[in-house]
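So the sequence lines, in the order shown, correspond to chains A and B. Quick note: the first sequence uses the working numbering, first residue 19, plus one each step. Quick note: the second sequence uses the working numbering, first residue 19, plus one each step.
Protein chains: 2
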Amino acid sequence: MESLCDAAKVLKSNGVRVTPARVVLLEALHSRRGPFTAQELHANLPARSADLVTVYRFLARLVKASLAREIVGSDGVAYYEMACAHNPVHPHFECLSCGRLFCLPLFREEDSARVLDYGTGHRVESVSVVFRGTCAACLANELEEGKK
Amino acid sequence: MESLCDAAKVLKSNGVRVTPARVVLLEALHSRRGPFTAQELHANLPARSADLVTVYRFLARLVKASLAREIVGSDGVAYYEMACAHNPVHPHFECLSCGRLFCLPLFREEDSARVLDYGTGHRVESVSVVFRGTCAACLANELEEGKK
DNA sequence: GAATATTTGCAAATGATTTGCAAAAGAGAT
DNA sequence: ATCTCTTTTGCAAATCATTTGCAAATATTC
Chain A
19 MESLCDAAKV LKSNGVRVTP ARVVLLEALH SRRGPFTAQE LHANLPARSA
69 DLVTVYRFLA RLVKASLARE IVGSDGVAYY EMACAHNPVH PHFECLSCGR
119 LFCLPLFREE DSARVLDYGT GHRVESVSVV FRGTCAACLA NELEEGKK
Chain B
19 MESLCDAAKV LKSNGVRVTP ARVVLLEALH SRRGPFTAQE LHANLPARSA
69 DLVTVYRFLA RLVKASLARE IVGSDGVAYY EMACAHNPVH PHFECLSCGR
119 LFCLPLFREE DSARVLDYGT GHRVESVSVV FRGTCAACLA NELEEGKK
């Protein structure tokens, strides 16, 4: 597995041309903290630097090259995040109250092994662990509301 | 958490009327082995017994009542499965080769606790663990193909 | 620079899921 | 049974993220 930090190189060596649009996209990707949707990414691009379709296509390539991961939210919308060595596989939380999808702490090595174990017998390419419910922030808000 | 096996009762006690369409749906649900989509369920219903929209609406209710669980596939399509005591939470495998989504073995009590632990601090309503890759059956087929 | 392969943008298609709404069907009281 | 009130249903139409078709623009190679 390669690091997204070398994405340009990796892509090039896979016959993927590094065009202006893709450079912009790679930069935008690096400045992102949590998981994002194709549309969010596109919205934060310098105006007219890349079409939404291009964003979709590029993200699909990254995922295929294992340079990015895809997390599907409960409403079927796809979120993406980088898959570089600095950002190993981890669980996510989807808040049904505020709608945010964010990262949870990394799996401990040991737990990771235990989870992976359930896929024995198949060729596992990715594992997605998504918690759903109400996030801590929204729970706090509920309390606030309750007081009023 | 209630059992889907008593779904009719549970629904009734929640002010949900048990109509002919819903009886048909509950029966169809019980005869299903693995996870299914709304459309699959609808396609296997006696002709003209319930509209596809009704199926969607009913499934949404079951999920809200914790009588069914929803698993979202990588293409954003929702799969459902019963959530009765005889079918506790378990991981799933989505084969990118044949497209099937099926159940993996139950989490051992201990592992379940370890996974749940990562959601600490939030109000967790559901956890979804989905493996993706190539299933054992498709791997076997690949071998077959290779021999030719 | 010509020839070839890849990439891009734009418009249009897809396809699952949702919504609006008026008609049909339960529940309960009379 | 009948009337009233609420829930449910079917149908058509709307949504909306994602995908596709295709011709024009841009790389790469020789």
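Ideal Cβ placement from N, Cα and C applies to all residues, glycine included.
{"Item": "First through last residue of the alpha helix (DSSP H) which encompasses phenylalanine 125 of chain A", "Value": "Careful: phenylalanine 125 of chain A lies outside any alpha helix (DSSP H) and carries neither H nor E."}
{"Item": "C-beta atoms of histidine 140 of chain A and phenylalanine 76 of chain B nearer than 7 Å", "Value": "no"}
{"Item": "Test: histidine 110 of chain A CB closer than 7 Å to a CB of chain B", "Value": "no"}
{"Item": "Near-chain B residues of the stretch 36 to 59 of chain A - C-beta to any C-beta below 7 Å", "Value": "none"}
{"Item": "Contact under 7 Å by Cβ, cysteine 156 of chain B with cysteine 121 of chain B", "Value": "no"}
{"Item": "Exposed unless 16 or more other CB atoms sit within 10 angstroms - verdict on alanine 123 of chain A", "Value": "The sequence shown places proline at residue 123 of chain A, not alanine. The residue is exposed, with fewer than 16 neighbouring Cβ atoms inside 10 Å."}
{"Item": "Status (buried if at least 16 other CB within 10 Å, exposed otherwise) for alanine 25 of chain B", "Value": "buried"}
{"Item": "Minimum Cβ-Cβ distance from leucine 124 of chain A to chain B less than 7 Å", "Value": "no"}
{"Item": "Same chain, Cβ closer than 6 Å to serine 130 of chain B, neighbours up to 5 away in sequence not counted", "Value": "none"}
{"Item": "Proline 64 of chain B, buried or exposed, once every other Cβ within 10 Å from all chains shown has been counted against 16", "Value": "exposed"}
{"Item": "Proximity of arginine 101 of chain B and arginine 87 of chain B at Cβ, strictly below 7 Å", "Value": "Going by the sequence as given, residue 101 of chain B is alanine instead of arginine. In this structure, arginine 87 of chain B lies closer than 7 Å to alanine 101 of chain B by Cβ."}
{"Item": "Valine 42 of chain B, DSSP secondary structure in three states", "Value": "helix"}
{"Item": "C-beta atoms of glycine 151 of chain A and glutamate 143 of chain B nearer than 7 Å", "Value": "yes"}
{"Item": "Proximity below 7 Å, CB of valine 145 of chain B to CB of serine 92 of chain A", "Value": "no"}
{"Item": "Span separating the alpha-carbon of alanine 61 of chain A from that of threonine 37 of chain B", "Value": "46 Å"}
{"Item": "CB contact below 7 Å: cysteine 76 of chain B versus chain A", "Value": "Sequence inspection shows phenylalanine at residue 76 of chain B; the cysteine mentioned does not correspond to that position. So, not an interface residue."}
{"Item": "Histidine 60 of chain B, enclosing alpha helix (DSSP H) - first and last residue", "Value": "56 to 61"}
{"Item": "Nearest-angstrom Cβ-Cβ length linking alanine 68 of chain A and valine 42 of chain A, presumed shorter than 8 Å", "Value": "6 Å"}
{"Item": "Buried versus exposed call for cysteine 153 of chain B [16 or more other C-beta atoms within 10 Å across all chains shown]", "Value": "buried"}
{"Item": "Where the stretch 119 to 150 of chain A meets chain B: residues whose CB sits under 8 Å from a CB there", "Value": "Leu122, Pro123, Phe125, Asp129, Arg132, Val133, Tyr136, Gly137, Gly139, His140, Arg141, Val142, Glu143, Ser144, Val145, Ser146, Val147, Val148, Phe149 and Arg150"}
{"Item": "Beta-carbon neighbours of serine 31 of chain A, restricted to chain B and to distances below 9 Å", "Value": "Here the premise fails: no neighbours, minimum Cβ distance about 24 Å."}
{"Item": "C-alpha gap between asparagine 159 of chain B and serine 115 of chain B, whole angstroms", "Value": "10 Å"}
{"Item": "Whether tyrosine 136 of chain A touches proline 109 of chain B by CB criterion (7 Å)", "Value": "yes"}
{"Item": "Contact set for proline 53 of chain A: own chain, Cβ-Cβ below 8 Å, skip 5 residues either direction", "Value": "Ile89, Tyr97, Tyr98, Glu99, His110, Leu119, Phe120 and Cys121"}
{"Item": "Proximity test, Cβ basis, 7 Å: leucine 161 of chain B and chain A", "Value": "no"}
{"Item": "Separation of leucine 85 of chain B from leucine 44 of chain B, as counted between CA atoms", "Value": "11 Å"}
{"Item": "Where the stretch 94 to 105 of chain B meets chain A: residues whose CB sits under 8 Å from a CB there", "Value": "Gly94, Val95 and Ala96"}
{"Item": "From B/Leu134, B/Glu163, B/Leu161 and B/Leu80, residue whose alpha carbon lies closest to that of phenylalanine 149 of chain A", "Value": "B/Leu134"}
{"Item": "Between the CA atoms of leucine 29 of chain A and arginine 35 of chain A - distance to the nearest angstrom", "Value": "7 Å"}
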